[in-house]
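Residue numbers for the sequence shown follow the working numbering, beginning at 1004 and rising by one.
Heads up, the beta-carbon is just placed ideally off N, CA and C, and yes, glycines get one too.
Down below is the structure, laid out as structure tokens.
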Amino acid sequence: MSQDQFDTYISRNAKVDELQQLPEAVQKALNDHCEQYKQDPEAAHIWDPIVIGVPGGPVKNLMLTYTGRKTGRTLHTVLQYYERDGKFLVVGSRGGTEEHPLWFLNLQANPQCHIQVARRGFRAIARTLEGAEHERVWPSIVDEQPTQGMYQARTSRRIPLVVMDIIDEDVSGG
């Protein structure tokens, strides 16, 4: 999918659940990346999102494992992460749509989660940055990944920044 195709899709801003109405090629690439992370986290750690139309080159990714707020099922998603003040941080941009990503809504309901960063696993509590803390961190996110600034310009919602407060390193992997 080209950047223009991705922008056209995002501009439609369909009010649908995450991944359900994404173009088939994008959904497949995201699902494949998640499966790769489960099988070979070291190889999946660095990923180039150009395959889904997001420019900027390869980025660091973590696999987030969390509990579905409606189903109670264990769910996984792979997200670009940022390191700030020795902590892992993820961004709930969802491509600049008006809806928050489902993983974010699920973490609001139950912030206990597990993150896999390459081969290292951690039990964590997800915490959304608010107020001055969000304002302090956001510019550095946009400096590192300018696409995030474009996403914020597309939406009226404040894109959440979620820090993973590590409880402990989980050598068992989850």
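Tell me which same chain residues have a C-beta within less than 6 angstroms of the C-beta of P1061, skipping the five on either side of it? Excluding positions up to five away in sequence, the list reads I1049 and D1051.
Within a Cβ cutoff of 6 angstroms, which residues of the same chain sit near K1090, ignoring the five residues on either side of it in sequence? Take K1090, set aside five residues on each side of it, and the residues of its chain with a beta-carbon closer than 6 angstroms to its own are V1166, in chain order.
Should A1129 and P1114 be called a contact, given that it needs their Cβ atoms to be closer than 8 angstroms? With respect to the 8 angstroms criterion, A1129 and P1114 are classified as neighbours on the basis of their beta carbons.
Please name the residue in E1038, Q1119 and T1077 whose C-alpha comes closest to that of K1063. Among E1038, Q1119 and T1077, the Cα nearest to that of K1063 belongs to Q1119.
A1156 classed as buried or exposed, judged by whether at least 16 other C-beta atoms fall within 10 angstroms: By the neighbour-count definition (other C-beta atoms within 10 Å, threshold 16), A1156 is an exposed residue.
So H1117 is in the alpha helix (DSSP H); what residue range does that whole segment cover? Note, H1117: premise wrong, no alpha helix (DSSP H); beta strand (DSSP E) at Q1115 to V1120.
Alpha carbon of T1070 to alpha carbon of E1147, nearest angstrom: Per the coordinates, the alpha-carbon of T1070 lies some 29 angstroms from the alpha-carbon of E1147.
When DSSP builds the beta bridges, which residues end up paired with V1166? Answer is L1092 and R1130, bridged to V1166.
7 angstroms Cβ shell around A1121 - same chain, five flanking residues per side excluded: Taken in chain order, the residues that qualify are P1044, E1045 and H1048.
Among G1095, G1099 and H1117, which one has its Cα closest to the Cα of F1107? Per the Cα distances, G1095.
Measure the C-alpha to C-alpha separation of V1081 and E1038 and round it to an integer number of angstroms. A direct Cα-Cα distance of roughly 9 angstroms separates V1081 from E1038.
In the DSSP assignment, find the alpha helix (DSSP H) that holds E1045 and state where it starts and stops. According to the DSSP assignment, E1045 belongs to the alpha helix (DSSP H) that extends over P1044 to A1047.
Would P1142 be called buried (16 or more neighbouring beta carbons within 10 Å of its own) or exposed? If you draw a 10 Å sphere on the C-beta of P1142, you find fewer than 16 other C-beta atoms in it, and that means exposed.
Residues in the same chain with beta-carbon distance under 7 angstroms from V1077, minus the five sequence neighbours each way, listed in chain order, please. For the record, residue 1077 in the displayed sequence is Thr; it is not Val. The answer, listed in chain order, is T1068 and T1070.
Less than 8 angstroms between the C-beta atoms of V1086 and S1159, yes or no? According to the sequence as given, residue 1086 is Glu; it is not Val. With contacts defined by Cβ atoms closer than 8 angstroms, E1086 and S1159 do not form a contacting pair.
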